[in-house]
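Take a look at the structure set out below.
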Amino acid sequence: MLARQTIIKAVNEMVTSAARHGLPMEKILLFGSYAKGTPHEYSDLDLAVFSSAFVENPHANIDMIQCAERLPQMSLRLYPLVDFEEDPFVQEIKKHAVVLRDTTKFQEANST
Numbered sequence: 702m703l704a705r706q707t708i709i710k711a712v713n714e715m716v717t718s719a720a721r722h723g724l725p726m727e728k729i730l731l732f733g734s735y736a737k738g739t740p741h742e743y744s745d746l747d748l749a750v751f752s753s754a755f756v757e758n759p760h761a762n763i764d765m766i767q768c769a770e771r772l773p774q775m776s777l778r779l780y781p782l783v784d785f786e787e788d789p790f791v792q793e794i795k796k797h798a799v800v801l802r803d804t805t806k807f808q809e810a811n812s813t
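Here the sequence shown stands for residues 702 to 813, where the numbers follow the working numbering.
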């Protein structure tokens, strides 16, 4: 099992390495057993990653994310930013997710 600080550090490193390659990650949600507080020794670190650079084609998104450093335990679900409000599976994820990153709130506050 991964400690909370290890998860946060790994997510920050992934975001930084992706940004160096021009890939923004506006929102990241932790879901699954880690978000529910019930991880076990073999649990994946389930992350929903939202980017304005991602497209509807999952294979293209996988190619884009290859530049980002990440832990072997990370299981990434990649979504275009618009899916945060529109995708039914994302709505289910959000019920129990822990928000690890959300730059859109800052952007919304600055635009008012």
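Glycine residues also receive a C-beta, built at the ideal position from the N, C-alpha and C atoms. Predicted, not measured: the structure shown is a model, and the values here were computed from it.
Between the alpha carbons of proline 789 and lysine 795 lies a gap of roughly 10 Å. With 16 or more other Cβ atoms from the protein chains shown falling within 10 Å of its own Cβ, serine 752 counts as buried. According to the DSSP assignment, valine 712 belongs to the alpha helix (DSSP H) that extends over 705-721.
Shown here for glutamate 770: same chain residues with a beta carbon closer than 7 Å to its own, the five before and five after excluded, namely Glu714, Met715, Ser718 in chain order. Of Pro781, Tyr735, Asp784, Glu727, the smallest CA-CA separation from aspartate 747 is found for Tyr735. Inter-residue distance for serine 744 and phenylalanine 732 is about 11 Å (C-alpha atoms, whole angstroms). Look at phenylalanine 785 here: in three-state DSSP terms it is helix. Exposed is the label assigned to alanine 761, since fewer than 16 other Cβ atoms lie within 10 Å of its Cβ.
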